[in-house]
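S.K.:
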Amino acid sequence: MTDDNLARDQEDEQVRRVLILTGGADAPGLNAVLRAFVKAATDLDLQVYGSEHGFSGLIEHPARVARLTPSSVQGILPKGGSILGCSDRADPFSYQVKAPDGSERTLDVSERVTAKLDELDIDILVLVGDGETIEIGLRLANMGVAVVGIPKAIGNELAATDLTFGLDSAVATATRAIDALHRTADAHGRVMVLEVMGREVGWIALMSGIAGGADVILIPEIPYDVDRVIAKIGARSSTDHSFSIIVVAEGAKPLGGTVSRIGDAQQSATQRDEGPGVQLAQLLEGRIDHEVQATVLGALQRGGSPSSFDRLLGTRFGVYAAELCYHDNTGQVVALRGQEVISFPLEAAVANLKRVPPDGELAGVARAIGIELGQE
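Sequential numbering of the sequence shown, starting at 539, is according to our numbering.
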């Protein structure tokens with residue numbers, strides 16, 4: 539996707555230009571954001587451009603940037619992924635390049651990005667991305683770039699916003715997986731371990747585990763005692779229940795142990811260690827009278843058509859971001875607080891991770907209905 543005629547014409551010198559990109563990994567609802575932003579910004583007489591594959595479209599030569607109009611985003615609302623493409627490798631402050639001898643090194647190419655934005659006469663850079671993308675935006679803002687951020691994190695870890703788009707779809711996908719595992723676990727009398735995404739926070743695991751009727755939920759915020767997990771399985775086996783379902787967040791770890799793996803997008807599959815789901819299965823084998831099987835749900839949580847909630851939230855975020863651009867209210871990130879969409883300074887968006895409170899309401903609900911969380 540390229541545009542060979544990006545030079546600003548004399549007649550539109552007063553028209554402000556905004557460029558939007560989708561950084562980090564994909565999330566359900568990204569296209570809803572893009573659709574809403576393009577439509578709302580165009581209606582506000584802003585010219586919208588898109589950078590392909592995150593910052594790559596601005597870093598690489600030739601640049602891959604194109605004009606976006608309402609016709610460009612027609613029909614994309616129910617689609618997963620991003621029509622612009624995503625990249626979790628294109629950090630302009632730490633950009634990997636390969637030398638002629640095959641070795642790799644990292645370079646700071648941020649000035650190349652700012653120079654390209656100047657060359658294209660871009661007035662405002664709009665970043666749709668996770669915490670790392672917003673941090674890049676903050677650093678660019680400190681270099682004089684006008685930035686507006688839209689938070690994207692299926693794990694819901696950004697503290698500035700109550701909810702991020704993509705979470706609802708990811709939880710729904712994980713819940714359907716738990717439903718399916720119930721059937722095969724019951725049929726074979728197995729202990730089924732399902733590893734879900736979330737990196738350093740346990741929102742997906744806790745929410746899907748409650749919704750799917752899991753027996754054990756293990757999250758990063760509560761290091762687990764494997765003996766309590768074994769006791770829970772034994773208690774179920776002493777009744778009419780010959781199976782158990784365990785949901786494990788990818789950042790979960792046993793007491794005194796370490797995280798087996800938090801998925802690094804820049805590692806190949808052969809470079810990654812076995813994850814916490816397999817780690818738990820190994821801890822259980824030989825200590826319970828059940829066959830144990832581990833399933834890693836992985837990227838299925840990012841794919842597919844976004845839920846109606848994520849489409850709506852993404853649309854709200856896109857419209858609000860367009861209004862921020864129109865009013866030149868930059869250095870801000872869109873956020874949902876309660877039922878209202880508002881904005882916060884970029885700094886606030888990346889200040890803290892939003893972790894699951896171990897003694898919070900949601901954890902209390904899980905304990906109240908008999909779900910084992912690995913600790914009291």
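From the three backbone atoms N, C-alpha and C, an ideal C-beta is built for every residue, glycine too.
Here's a check: name, in chain order, each residue in its chain whose Cβ is nearer than 7 Å to the Cβ of Gly-693, leaving out the five neighbours to either side.
M.R.: Met-735, Gly-736, Arg-737, Val-739, Trp-741, Ile-742, listed in sequence order.
S.K.: Does the segment 772-781 come into contact with the segment 716-727, if we say contact requires no fewer than three beta-carbon pairs (one atom in each stretch) closer than 8 Å?
M.R.: The segment 772-781 vs the segment 716-727: in contact.
S.K.: Once DSSP output is grouped into helix, strand and coil, what is the label at Ala-691?
M.R.: Three-state result, Ala-691: coil.
S.K.: Do the segment 632-651 and the segment 872-891 touch if we need at least three Cβ pairs shorter than 8 Å?
M.R.: Too few Cβ pairs lie closer than 8 Å, so no.
S.K.: Within the continuous alpha helix (DSSP H) that includes Pro-814, where are the two ends?
M.R.: It spans 814-822 - the alpha helix (DSSP H) in which Pro-814 sits, taken as one unbroken run.
S.K.: Return the residue from the list Val-830, Gly-789, Ile-880 that minimises the CA-CA distance to Leu-851.
M.R.: Out of Val-830, Gly-789, Ile-880, Ile-880 has the C-alpha closest to the C-alpha of Leu-851.
S.K.: For Val-683, which three-state DSSP category applies?
M.R.: Val-683: coil per DSSP, three-state reduction.
S.K.: Mind reading off the beta-carbon distance from Gly-595 to Arg-602? Whole number of angstroms is fine, and I expect it under 8 Å.
M.R.: Yes, Gly-595 and Arg-602 are in contact; Cβ-Cβ is about 4 Å, under 8 Å.
S.K.: What residues in its chain sit with their C-beta under 8 Å from that of Leu-584, if we drop five residues either side in the sequence?
M.R.: Cβ within range, chain order: Val-553, Arg-554, Arg-555, Val-556, Ala-860, Cys-863, Tyr-864.
S.K.: Classify Thr-702: buried if its beta carbon has 16 or more other beta carbons within 10 angstroms, exposed otherwise.
M.R.: Under this definition Thr-702 is a buried residue.
S.K.: Decide if His-599 is buried, meaning its Cβ has at least 16 other Cβ atoms within 10 Å, or exposed.
M.R.: Under this definition His-599 is an exposed residue.
S.K.: Tell me whether Ile-716 is buried or exposed, calling it buried when 16 or more other Cβ atoms sit within 10 Å of its Cβ.
M.R.: Counting Cβ neighbours within 10 Å, Ile-716 comes out buried, since at least 16 surround it.
S.K.: By DSSP, does Thr-702 sit in helix, in strand, or in coil?
M.R.: Residue state, collapsed to three classes: coil.
S.K.: Alpha carbon to alpha carbon, how far is Val-834 from Asp-700?
M.R.: Those two C-alpha atoms are separated by around 27 Å.
S.K.: How would you call Asn-890, buried or exposed, if buried means at least 16 neighbouring beta carbons within 10 angstroms?
M.R.: The residue is exposed, with fewer than 16 neighbouring Cβ atoms inside 10 Å.
S.K.: When you compare the segment 839-851 with the segment 610-619, are there three or more beta-carbon pairs, one atom per stretch, that lie closer than 8 Å?
M.R.: The segment 839-851 vs the segment 610-619: in contact.
S.K.: Could you tell me which of Ala-563, Leu-568, Gly-562, Thr-607 sits nearest to Asp-581, measuring between CA atoms?
M.R.: Of the candidates Ala-563, Leu-568, Gly-562, Thr-607, the one whose C-alpha sits nearest the C-alpha of Asp-581 is Thr-607.
S.K.: Just to confirm before moving on: does the CB-CB distance between Ile-768 and Arg-825 stay below 8 Å?
M.R.: Yes, they are a contact pair.
S.K.: Assuming Leu-615 and Arg-766 form a contact by the criterion Cβ under 8 Å, report the distance between their Cβ atoms to the nearest whole angstrom.
M.R.: The Cβ separation is near 45 Å, so there is no contact.
S.K.: The beta strand (DSSP E) that contains Arg-555, what's its start and end?
M.R.: Where Arg-555 is concerned, the enclosing beta strand (DSSP E) stretches over 555-560.
S.K.: When we look at the beta-carbon of Gln-689 and count the other beta-carbons within 10 Å, is it buried (16 or more) or exposed?
M.R.: Looking at the sequence itself, residue 689 is Pro, so the reference to Gln does not match. Pro-689 is buried by the Cβ-count criterion.
S.K.: Give every residue of the same chain whose Cβ lies closer than 6 Å to the Cβ of Tyr-858, excluding the five residues on either side of it in the sequence, and list them in chain order.
M.R.: Once the five neighbours on either side are set aside, the close Cβ partners of Tyr-858 are Val-872, Val-879.
S.K.: Do Ile-624 and Asp-668 have their C-beta atoms within less than 8 Å of each other?
M.R.: First, the residue type needs correcting, since residue 624 is Cys and not Ile in the sequence shown. Result no, Cβ atoms of Cys-624 and Asp-668 do not sit closer than 8 Å.
S.K.: Buried or exposed, going by whether 16 or more other CB atoms sit within 10 Å of the CB of Met-681?
M.R.: By the neighbour-count rule (16 or more Cβ atoms within 10 Å), Met-681 is not buried but exposed.
S.K.: Can you tell me whether Thr-711 is buried or exposed, with buried defined as 16 or more other CB within 10 angstroms of its CB?
M.R.: By the neighbour-count rule (16 or more Cβ atoms within 10 Å), Thr-711 is buried.
S.K.: Are Gly-562 and Glu-673 close, meaning C-beta to C-beta below 8 Å?
M.R.: No, the Cβ-Cβ distance between Gly-562 and Glu-673 is not below 8 Å.
S.K.: Just how far apart, CA to CA, sit Gly-751 and Leu-732?
M.R.: Cα to Cα, the separation comes out at about 13 Å.
S.K.: Give a single yes or no on whether Gln-839 has its beta carbon closer than 7 Å to a heavy atom of the ligand ZN.
M.R.: No copy of the ligand ZN appears in this structure; indeed no ligand is present at all.
S.K.: Cα separation between Val-729 and Glu-910?
M.R.: Looking at the two C-alpha atoms, the distance is approximately 14 Å.
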